[in-house]
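Asks: First the structure, which I've put down as structure tokens, then a few questions once you've had a look.
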Amino acid sequence: AAISLADRLVVMHKGEILQTGKPDEIFRNPRSEFVAKFTGAENLFEGISRVENRIAIIDVNGIKIYSTNLNEGRVFMIIHPENIVISKNSILTSARNSFKGKICEISKIPRREGIIKVVADVGIPLAVFITKQAFEELNLGINDKIYVYFKANEVYVF
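FYI, in full-length UniProt numbering the residues of the sequence shown are 1 to 158.
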């Protein structure tokens with residue numbers, strides 16, 4: 001509640017200021033693993049990034065994720081769940097990141113009426129937020145085979 005009233009936020013850890021800014025900016029673009037965890041970031045992963053042909057390829061436990069953020073070496077990354085598309089069928093898309101997997105968890109999100117959280121196992125667990133209407137139209141269930149897609153510019157790296 002206090003965060004929704006604030007126009008500026010300061011995140012401190014052990015007496016050190018880690019990040020300041022507008023609440024939405026900090027939630028969308030944390031600058032450290034601590035801030036990401038503090039804000040409750042979903043889809044936070046650690047990986048090794050290398051750049052080839054002006055795109056980063058991040059290896060997360062053997063899964064390759066493409067990003068337009070050109071950091072190299074050990075990195076953390078976030079893929080916001082609302083930026084991931086889920087489908088029961090393979091579709092042709094401009095998204096660089098495309099994975100086949102299965103649904104391993106379905107839950108409602110507290111304080112977000114009409115939004116369902118679906119966790120897809122694609123070699124790593126990816127949380128996807130979809131509307132209740134889309135969830136019902138797709139007729140999704142546990143262990144269903146699915147595809148997930150997200151663009152390289154929606155992979156936030158730090």
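Glycine included, C-beta positions come from ideal geometry on N, C-alpha and C.
State the start and end residues of the unbroken alpha helix (DSSP H) segment that holds residue 132.
Replies: 132–138
Asks: Secondary structure at residue 37, three-state DSSP: helix, strand or coil?
Replies: helix
Asks: At the level of alpha carbons, what is the spacing between residue 34 and residue 47?
Replies: 16 Å
Asks: Based on the DSSP output, what are the partners of residue 119 in its beta bridges?
Replies: Answer by DSSP bridge pairing, in chain order: 105, 127.
Asks: With DSSP as the reference, label residue 83 as helix, strand or coil.
Replies: helix
Asks: Flag this pair as yes or no: are the beta carbons of residue 105 and residue 80 separated by less than 9 Å?
Replies: no
Asks: Mind checking which residues open and close the beta strand (DSSP E) that includes residue 52?
Replies: That run of the beta strand (DSSP E) goes 44–52.
Asks: What residue from 143, 55, 73, 76 has the CA that sits closest to residue 67's CA?
Replies: Between residue 67 and the set 143, 55, 73, 76, the nearest pair of CA atoms involves 55.
Asks: Can you list, in chain order, the residues of its chain with a C-beta nearer than 8 Å to that of residue 141? Leave out the 5 residues immediately preceding and following it.
Replies: 103, 106
Asks: Among the residues of its own chain, which have a CB less than 6 Å from the CB of residue 1, if the five just before and after it don't count?
Replies: Low confidence applies here, because residue 1 scores a pLDDT of 46, under 50, leaving its location unreliable and the question unanswered by this model.
Asks: What would DSSP say about residue 74, mapped onto helix, strand or coil?
Replies: strand
Asks: Mapping DSSP to helix, strand and coil, what is residue 27?
Replies: In the three-state reduction of the DSSP assignment, residue 27 falls in the helix class, which pools H, G and I.
Asks: Report the three-state DSSP secondary structure of residue 143 (helix, strand or coil).
Replies: Reduced to three states, the DSSP call for residue 143 is coil.
Asks: Would you mind stating whether residue 147 and residue 69 have Cβ atoms separated by less than 9 Å?
Replies: No, Cβ-Cβ distance for residue 147 and residue 69 is not below 9 Å.
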